[in-house]
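The structure appears below as structure tokens.
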Amino acid sequence: MQLDLGSDPRTDILRRMHAALIKKFDRIVRPDDKRRDPMWTLVQGVIGAQAKTAVSNANTDRLIADYGSWEKVLEAPTETLTVKLKTATFPSIAAERLQACLQEIIAQRGAAKLDHLETLDTADAMAWLETLPGVARKISAGVMNTSQFNRRALVLDAGHRRVVQRMGLVPGKADTARAYDALMPILPPEWSAEDMDEHHLLSKRLAQTLCRPKKPDCASCPVRSDCETGR
Ligand code: SF4
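107 is the number that the numbering used here gives to position 82 of the sequence shown; each next residue is one higher, with no gaps.
Here you go:
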């Protein structure tokens, strides 16, 4: 049986939500030169748990500038790496996770490269990424969507997930992987990879400004009419 992926009423809600968020916050488009090498994007995710994006970006840039390759990062003493990651939220955990992840990639692929994912479809590539230490759905979707792979995959961080849960678009207790699996089939089929990236960045902005963890400002929210909680 052929599923009509555009027929779910939540698909239109997502279209209206996207338009309302652009009206509220303006466009947030990632320039092509901000799409990084997939290995850079993976490392940024693995060391970035509960840290601000700018901090994780700066740490990732510093590591590759200081060591010259991800293979050299793996060879570095973990204590030294921990010091270099001192601005991460959990420096020692970040250092250990990164080296475990690099070790697994190099063991499987012979080098710190993700070129083989280019030939896989997005779901298979994400499944492979999620076998790596420290990599779950948010990071695997980030590597596929926001790096130079530029694939259709929706990144969900805690804030974005909170918004779609409060709106009733995904189950209230869904973890990131379940929320992803619920949302991907109902995204507007005309949305490109860039649209999904912008939708995530806009939803994240909503979560940081109005749909905060405590006391959401529903009265000022541009998606209130489509939100189960706000209504
Ligand atoms: S209406 Fe309220 S609960 Fe719903 S998305 Fe907006 S701020 Fe969040």
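Glycine included, C-beta positions come from ideal geometry on N, C-alpha and C.
If you're wondering where the values come from, they're calculated on a predicted model, not measured in any experiment.
Residue range of the unbroken alpha helix (DSSP H) whose run includes residue i
{"i": "T36", "result": "P34 to F50"}
{"i": "P63", "result": "P63 to V71"}
{"i": "N84", "result": "T78 to Y92"}
{"i": "W216", "result": "That residue, W216, is in no alpha helix (DSSP H); it is neither H nor E in DSSP."}
{"i": "S117", "result": "P116 to R134"}
{"i": "M169", "result": "R162 to T171"}
Of the residues the options, the one placed nearest residue i, counting alpha carbons only
{"i": "Q173", "options": "R87, E219, R52 and E96", "result": "E219"}
{"i": "M64", "options": "T171, A183, A79 and P210", "result": "T171"}
{"i": "P116", "options": "A125, E104 and C126", "result": "E104"}
{"i": "L157", "options": "A137, H224 and R61", "result": "A137"}
{"i": "V160", "options": "E253, D33, I130 and R256", "result": "I130"}
{"i": "L226", "options": "G167, L106, K240 and R191", "result": "G167"}
{"i": "T66", "options": "K198, R52 and N175", "result": "N175"}
{"i": "E143", "options": "L231, P238, M169 and G70", "result": "M169"}
{"i": "E155", "options": "R60, L88, D91 and A202", "result": "A202"}
Cβ-Cβ separation, residue j to residue i (assumed contact under 8 Å), whole Å
{"i": "P247", "j": "K48", "result": "6 Å"}
{"i": "L208", "j": "V195", "result": "6 Å"}
{"i": "A113", "j": "N84", "result": "6 Å"}
{"i": "D222", "j": "R55", "result": "6 Å"}
{"i": "I164", "j": "A119", "result": "So it is not a contact: roughly 13 Å between Cβ atoms."}
{"i": "C252", "j": "R187", "result": "Contact flag wrong, Cβ pair sits at about 12 Å."}
Shell residues, 7 Å Cβ cut-off relative to heavy atoms of ligand 1: Every residue passing the under-7 Å Cβ criterion appears here: V188, R191, M192, L231, L235, C236, P241, D242, C243, C246, V248, R249, C252, T254 and G255.
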